[in-house]
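Beneath this line is the structure, given in structure tokens, with notes to follow.
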Amino acid sequence: MELIVTQNYKQSCQKAANMIKDIIVQKNDAKLGLATGSTPIGVYQRLVRLHQANELDFSKVRTVNLDEYVGLSSDHPQSYRYFMDKHLFDHINIHKDNTFVVSGMGDLASNALQLDRMIYQGGVPDLQLLGIGSNGHIGFNEPADTLIAESHLEQLSESTIQANARFFDKAEQVPTQAITMGIKGIFAARKILLLATGIEKKQAVSNLFQDSVICPHNPSSFLKLHANVTVIIDSQLAQHVDPQKHTICYAC
Ligand code: PGA
């Protein structure tokens with residue numbers, strides 16, 4: 009794993025957006041795996057600015073998102089389809105038909121199968137953007153005795169529900185289930201770019217770089233198996249990464 013330490017969140021977002029820009033400049037029909045949550049918002053703002061400055065053309069870009077809450081329709085302000093439109097798609101020249109956020113309504117099993125198909129249709133993502141949960145989840149793959157490889161219905165952990173309650177009026181309104189890419193779908197991407205910010209992520213980031221152990225109770229630890237992972241953190245979080253142990257991870 010490559011670790012990039014920046015001075016602050018703004019710089020992390022600039023770095024991440026520039027990496028995405030480089031991919032699109034090299035390949036105008038690049039496919040991006042995208043994430044939601046607070047962390048990528050600054051990346052999307054930067055991508056919008058690059059587009060507005062005529063530096064980035066999304067007309068042939070394709071996207072597939074990691075996950076969606078169960079029970080929220082696409083026009084619900086907390087659905088991830090709504091999030092993507094609001095923070096990115098409505099401000100760039102992407103064709104909405106080229107964007108895919110799985111539906112959390114209707115036949116959930118067949119929606120999960122459709123998400124798996126969309127990961128591979130027309131080629132795998134050139135890059136998968138990831139945040140990380142304070143419990144180490146990636147996508148909505150929650151810590152458990154076992155993880156599911158393919159896209160699937162996931163029961164959200166209590167800590168995730170609590171963490172995401174800030175987006176809803178009441179914790180009881182947070183959906184308790186989501187459809188998420190599994191580890192296999194996430195790993196299909198040629199490159200994975202994980203961004204972490206905020207002191208509440210310190211344990212998750214420290215665990216990621218602590219040793220070479222892979223454990224389903226820390227889903228992000230599976231990233232040690234992917235050949236092309238870059239993690240961007242700011243200096244506040246970097247204090248919790250042991251540089252020597254990080255070197256061990258670098259080799260894995
Ligand atoms: P956050 O969520 O960016 O809102 O902290 C990240 C995640 O849960 O993967």
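Under this note's numbering, the sequence shown has 60 at position 52, and the numbering climbs by one with no breaks.
We put the beta carbon where it would ideally sit given N, CA and C, even for glycine.
These numbers come from a predicted model, not from an experiment.
- A straight-line Cα-Cα distance of about 6 Å links Val-110 and Glu-76.
- Around the C-beta of Tyr-128, fewer than 16 other C-beta atoms lie within 10 Å, and the residue is accordingly described as exposed.
- Assigned with DSSP and collapsed to three states, Val-213 falls in helix.
- Arg-57: member of the alpha helix (DSSP H) spanning 49-60, first to last residue.
- Excluding residues up to 5 positions away in sequence, Arg-89 lie with their Cβ nearer than 6 Å to the Cβ of Ser-82 in the same chain.
- DSSP places Glu-76 in the uninterrupted beta strand (DSSP E) bounded by 75-77.
- The DSSP-derived three-state label of His-95 is helix.
- Only residues of its own chain outside the window of five on either side were considered, and among them Val-72 and Met-126 have a CB closer than 6 Å to the CB of Phe-108, listed in chain order.
- The C-beta of Phe-175 has fewer than 16 other C-beta atoms within 10 Å across all chains shown, which makes the residue exposed.
- For Ile-156, the Cβ stays outside the 7 Å cut-off from all heavy atoms of ligand 1.
- Taking a 10 Å sphere around the C-beta of Ser-220, we find fewer than 16 other C-beta atoms and assign the residue as exposed.
- In its chain, beyond the 5 residues on either side, Pro-224 have a beta carbon closer than 7 Å to the beta carbon of Thr-154.
- Assignment of beta-bridge partners to Cys-21 by DSSP yields no partner.
- In this structure, the alpha-carbon of Gly-79 lies about 35 Å from that of Asn-36.
- The beta-carbon separation of Leu-74 and Gly-41, rounded to 7 Å, stays under the 8 Å limit for a contact.
- Counting of Cβ neighbours within 10 angstroms places His-103 among the exposed residues, the total staying below 16.
- Cβ contact annotation for Gly-147 (same chain, cutoff 7 Å, sequence separation greater than five): Leu-74, Asp-75, Thr-188, Met-189 and Ile-194, in chain order.
- Restricting attention to alpha helix (DSSP H) runs no shorter than 4 residues, the stretch 74-150 encloses them at 88-95 and 116-128, ordered along the chain.
- When rounded, the separation of the alpha-carbon atoms in Glu-166 and Met-9 is 29 Å.
- In this structure, Val-237 lies away from Phe-217, with their beta-carbon atoms at least 8 Å apart.
- By the criterion of at least three beta-carbon pairs nearer than 8 Å, the stretch 175-186 is not in contact with the stretch 61-72.
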